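For reference, the structure is listed below as structure tokens.
In the working numbering, the protein residues as written are 78 to 341.
Structure (structure tokens):
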């Protein structure tokens, strides 16, 4: 008798479950998927919420050196693991920090809009390596001088980022970080107008203001990165420049990078 009652109960449960509307059975799985809001929170958490330095003094430069160096020896994050083509050309860019009107700022170029490649876009100073360059660091410094007239001796290199490919996959782009320790008058720079429409800076704090940024898909859409506004309406920091900028901000903003990872 008891076994017969149990069998009837099992059949009743099965019939009830099969009668549930499809929308009810699917709703639970949909709610367990990560939302764009949660992804956005993770992106901003990696970048931090406030600038990690307020001056390019000994302490500020020491922080940059320490956190960039320690980040490099950690395991390469998944979004920085690229498949490299054979015989790729090498290029180098310079992420320049400077003091403008008493505020730590990041320097950018707005490219001449008559250029065939990336005309009118925002970028860091830099370009392809020449055979005569003794190193990729020299490539970044040489290109910076040729484009905006900032001499090598006025720049202190403090670190670098892992390389990343350009959109076509023809270039391996190495990003170095440099500091101009003395206050800078951007208007006094000797800009190469054939390549650069203008040089401008944005305070480091600009990139931590939620109203100045939004998430956008990077290339194949598997990675979301920030797109930042600039001082000019309709002009944004996006693409590879935004990818490298966000990586830089994330590394210098991480307290974890104050110490080196334990040796394996």
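We put the beta carbon where it would ideally sit given N, CA and C, even for glycine.
Small disclaimer: the values here were computed from a predicted structure and weren't measured.
Across the structure, residue 150 and residue 237 are spaced so that their CA atoms are roughly 12 Å apart. Taking every protein chain shown into account, the CB of residue 135 has fewer than 16 other CB atoms within 10 angstroms, so this residue is exposed. Annotated as distal: residue 248 and residue 202, with beta-carbon spacing of 8 Å or more. Short of 6 Å from the beta carbon of residue 275, and not among the five residues preceding or following it, lie these beta carbons of its own chain, in chain order: 187. Contact annotation: residue 295 and residue 326 have beta-carbon atoms that are not nearer than 8 Å. Restricting attention to 216, 123 and 178, the CA atom closest to the CA of residue 280 is found in 178.
Looking at the DSSP output, residue 285 bridges to nothing. Pairing residue 176 with residue 133 gives a Cβ-Cβ distance under 8 Å. Contact check for residue 241 against residue 317 passes: the beta carbons are separated by less than 8 Å. The beta strand (DSSP E) runs of length 3 or more contained entirely in the region 169 to 213 are, from start to end of the chain, 180 to 188 and 202 to 205. Of all alpha-carbon atoms in 246, 258 and 146, the one lying nearest the alpha-carbon of residue 164 is that of 246. In this structure the region 252 to 260 touches the region 221 to 238; the number of beta carbon pairs closer than 8 Å is three or more. Following the DSSP letters along the chain, one finds residue 252 in no alpha helix (DSSP H) but inside the beta strand (DSSP E) bounded by residues 248 to 256. The three-state secondary structure of residue 329, taken from DSSP, is helix. When only Cα atoms are considered, residue 152 and residue 314 end up about 27 Å apart. DSSP, reduced to helix, strand and coil, places residue 293 within a strand of the structure shown. Residue environment: residue 322 is assigned as buried (16 or more neighbouring CB atoms within 10 Å of its CB, all protein chains considered).
At a Cβ-Cβ threshold of 8 Å, residue 214 and residue 253 count as neighbours.
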